[in-house]
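S.K.: Position 279 of the sequence shown, counted from 1, bears residue number 313 in my numbering, the numbering being contiguous throughout. Below is a structure I'd like to ask you about.
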Amino acid sequence: MDFWTYLPQLFSSGITIGAIYALVALGFVTISRASQIINFAQGEFVMLGGVITFFFLKEVNLPYPLAALIAILIVALIGFVMHLSVVYPLRKASIVILLMATLGASIFLSSTSGLIFGTLPKALPPFSGEQPLQLWGVFVLPQSIWVLLSTFILLIFLYLLSHRTLLGKAMEASSTDPLGADLLGISRNLMVFLAFGVSAGVGAFAGILITPIFFTSYSSGTLLGLKGFIAAVLGGWGKNSGAILGGFVLGIVESLSLAFIPSGYKDAVAFIILLLILYFRPKGILGSPFIDSRRW
Numbered sequence: 035m036d037f038w039t040y041l042p043q044l045f046s047s048g049i050t051i052g053a054i055y056a057l058v059a060l061g062f063v064t065i066s067r068a069s070q071i072i073n074f075a076q077g078e079f080v081m082l083g084g085v086i087t088f089f090f091l092k093e094v095n096l097p098y099p100l101a102a103l104i105a106i107l108i109v110a111l112i113g114f115v116m117h118l119s120v121v122y123p124l125r126k127a128s129i130v131i132l133l134m135a136t137l138g139a140s141i142f143l144s145s146t147s148g149l150i151f152g153t154l155p156k157a158l159p160p161f162s163g164e165q166p167l168q169l170w171g172v173f174v175l176p177q178s179i180w181v182l183l184s185t186f187i188l189l190i191f192l193y194l195l196s197h198r199t200l201l202g203k204a205m206e207a208s209s210t211d212p213l214g215a216d217l218l219g220i221s222r223n224l225m226v227f228l229a230f231g232v233s234a235g236v237g238a239f240a241g242i243l244i245t246p247i248f249f250t251s252y253s254s255g256t257l258l259g260l261k262g263f264i265a266a267v268l269g270g271w272g273k274n275s276g277a278i279l280g281g282f283v284l285g286i287v288e289s290l291s292l293a294f295i296p297s298g299y300k301d302a303v304a305f306i307i308l309l310l311i312l313y314f315r316p317k318g319i320l321g322s323p324f325i326d327s328r329r330w
C-alpha cells in the first residue's frame, strides 16, 4: 500500500490529534492573556480531568454528566489553589523562577494523582458509541467528532468571554496594559487568580473529551502539556486562534510523519518543529511575540 492510499486516513487522524493539542494550547493561552505566565502544569489539569471523571463514574457510580461536571469544578479549584500557593507568592520573581515553580507543581500533581487514583491507565466510555463512521472514504470515531465540535465551541466561548464581557476585557487589560488596568481599578491579582481557574477548567474539559480516545494515567499529562505548549508557540503565543492553528498543524504533521518514520519517533517530531519555529519564526505563524508585562 503506497503513501497516497492511506494519506486521507492519516490526515483524518491528524485532525483529531490536532484538536486535542489545540484544547491543551487554549489552556496555556488563557493564563498567558491574563498574566504572561507559562504554566507547565497545564497538562496535569488535562490528566486530572480524565482521571477524576473516571473515579466518580466507575468508583462512585455517578451519572456521566455529573461526574464530568464535578471533575471540572474540582480541577478548577485546584487551579485556584495553585495560584494562591505557588504563583501568587512568587509574583515578583523572574520568569525562570515561575517556570520552575509551575514545573514543580506539575510533578506534585502527577505524583499525588498516582497515590490517590492509582497508576494503572484509565479510559472513559465514549459519549455516543464506539462504532467508527465512514466519511469520505475514511473511518472516524464518533468521539473524534465530539472533540472537534467541542474545540470550536470552546474557542467561541473564550472569544466571547474576552471580547464581549467586562471580566474578559479586564483579564486581558491586566496583562497587556498593567498601568491602564491600575488606573481603572482592576485588581490584576484577582484577574490572574480567575485565569488559573478558567485555564484549569478548560484543561479538565479537554481531558474528559480525549480520555475516551486515549488512555490516561498519572504520568500522561507531562507530554500532553508539552505538546500543547509547542502548539501555542507554533500558532502564535497569546492568541486563541493561534492555539487552534498551531494544534491542528502540529497534529497533522505528526500524523503524516508516521508514513516515513517509525511510530516510536513520532513524539520527536513535535520538538523538532519547536526548534525550527524558534529559529526561523519565534513569533509563531500568526506573529505574537511574548512580552513580559507582569507588574502584579
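We put the CB at the ideal spot given by N, CA and C, even for glycine. Keep in mind that this is a model prediction, so the values were computed, not measured.
(1) Can you tell which of 102, 80, 79 and 81 has its C-alpha closest to the C-alpha of residue 90?
(2) Closer than 8 Å by C-beta to residue 151: which residues in its own chain qualify, once you throw out the five before and the five after it? Chain order, please.
(3) Starting from residue 85 and walking both ways along the alpha helix (DSSP H), at which residues does that stretch end?
(4) Hey, how far is the Cα of residue 296 from the Cα of residue 306?
(5) Inspect the beta-carbon positions of residue 231 and residue 74 and report whether they are closer than 7 Å.
(6) Would you decide whether residue 208 is buried or exposed? Buried here means 16 or more other CB atoms lie within 10 Å of its CB.
(7) Go through the region 193 to 235 residue by residue and report every complete run of the alpha helix (DSSP H) that reaches 4 residues or more, in order.
(8) For residue 66, which residues of its own chain have a beta-carbon under 6 Å away from its beta-carbon, when the five flanking residues on both sides are left out?
(9) Taking C-alpha atoms, which residue in 287, 258 and 280 lies nearest to residue 318?
(10) State the start and end residues of the unbroken alpha helix (DSSP H) segment that holds residue 248.
(11) Over the uninterrupted alpha helix (DSSP H) stretch that includes residue 172, give me the two end residues.
(12) By DSSP, does residue 167 sit in helix, in strand, or in coil?
(13) Going by the DSSP bridge assignment, what does residue 156 pair with across the sheet?
(14) Alpha carbon to alpha carbon, how far is residue 99 from residue 111? Give it in angstroms, no decimals.
(15) I'd like to know whether the C-beta atoms of residue 379 and residue 185 end up nearer to each other than 7 Å.
(16) Below 7 Å between beta carbons: does that hold for residue 246 and residue 165?
(17) Can you tell me whether DSSP reads residue 317 as helix, strand or coil?
(18) Can you tell me where the alpha helix (DSSP H) with residue 299 in it begins and where it stops?
(19) Taking only the alpha-carbon atoms, compute the straight-line gap between residue 190 and residue 278 and give it to the nearest angstrom.
(20) Please state the DSSP three-state secondary structure of residue 294.
(21) With burial defined as no fewer than 16 other Cβ atoms inside 10 Å of the residue's Cβ, what is the status of residue 93: buried or exposed?
(22) Could you name the residues of the same chain whose beta carbon sits closer than 7 Å to that of residue 329, not counting the 5 residues immediately before and after it, in chain order?
M.R.: Here's the rundown:
(1) Indexing the sequence shown from 1 puts residue 90 at position 56. With distances taken between CA atoms, residue 90 lies nearest to 102 out of 102, 80, 79 and 81.
(2) By 1-based counting over the sequence shown, the position of residue 151 is 117. If we look at residue 151 and ignore the five residues flanking it on each side, its Cβ neighbours are 85, 86, 88, 89 and 252.
(3) Along the sequence shown, one-based indexing puts residue 85 at 51. Where residue 85 is concerned, the enclosing alpha helix (DSSP H) stretches over 76 to 88.
(4) As a working note, residue 296 is residue 262 in the sequence shown. As a working note, residue 306 is residue 272 in the sequence shown. Taking the straight line from one Cα to the other gives about 15 Å.
(5) Numbered from 1 along the sequence shown, position 197 holds the residue referred to as residue 231. Numbered from 1 along the sequence shown, position 40 holds the residue referred to as residue 74. No.
(6) Within the sequence shown, numbered from 1, the residue matching residue 208 stands at position 174. Buried, since its Cβ has 16 or more Cβ neighbours within 10 Å.
(7) Taken in chain order, the complete alpha helix (DSSP H) segments of 4 residues or longer contained in the region 193 to 235 are 200 to 210 and 212 to 217.
(8) Along the sequence shown, one-based indexing puts residue 66 at 32. Correct list, in chain order: 272.
(9) Stepping through the sequence shown from its first residue, residue 318 is reached at position 284. Comparing Cα positions, the closest option is 280.
(10) Within the sequence shown, numbered from 1, the residue matching residue 248 stands at position 214. In the DSSP assignment, residue 248 falls outside any alpha helix (DSSP H), carrying neither H nor E.
(11) One-based indexing of the sequence shown puts residue 172 at position 138. Not the alpha helix (DSSP H): residue 172 falls in the beta strand (DSSP E), residues 172 to 174.
(12) The residue you call residue 167 lines up with position 133 of the sequence shown. The answer is strand: DSSP assigns residue 167 an E or B state.
(13) Locating residue 156 in the sequence shown gives position 122, where the first residue counts as 1. Residue 156 is bridged to 250.
(14) Position 77 of the sequence shown, counting from 1, holds the residue named residue 111. Position 65 of the sequence shown, counting from 1, holds the residue named residue 99. Near 18 Å, if we compare the C-alpha coordinates of residue 99 and residue 111.
(15) Not covered by the structure: residue 379. The range shown for the chain is 35 to 330.
(16) Taking the first residue of the sequence shown as position 1, residue 246 is located at position 212. Taking the first residue of the sequence shown as position 1, residue 165 is located at position 131. Not a contact, by the Cβ cut-off of 7 Å.
(17) In the sequence shown, the residue the question calls residue 317 occupies position 283. Residue state, collapsed to three classes: coil.
(18) The count along the sequence shown starts at 1 and reaches residue 299 at position 265. Here residue 299 belongs to no alpha helix (DSSP H), and DSSP marks it neither H nor E.
(19) Here residue 190 refers to the residue found at position 156 of the sequence shown. Here residue 278 refers to the residue found at position 244 of the sequence shown. Taken atom to atom, the span from the alpha-carbon of residue 190 to that of residue 278 is near 11 Å.
(20) Here residue 294 is taken as the residue at index 260 of the sequence shown, counted from 1. Reduced to three states, the DSSP call for residue 294 is coil.
(21) Working through the sequence shown from its first residue, we reach residue 93 at position 59. The residue is exposed, with fewer than 16 neighbouring Cβ atoms inside 10 Å.
(22) To locate residue 329, count along the sequence shown from 1; it is residue 295. For residue 329, the predicted structure reports a pLDDT of 46, less than 50, and the residue's modelled location is therefore unreliable. A value from the coordinates is still provided. Cβ neighbours of residue 329 beyond the five flanking positions: 212.
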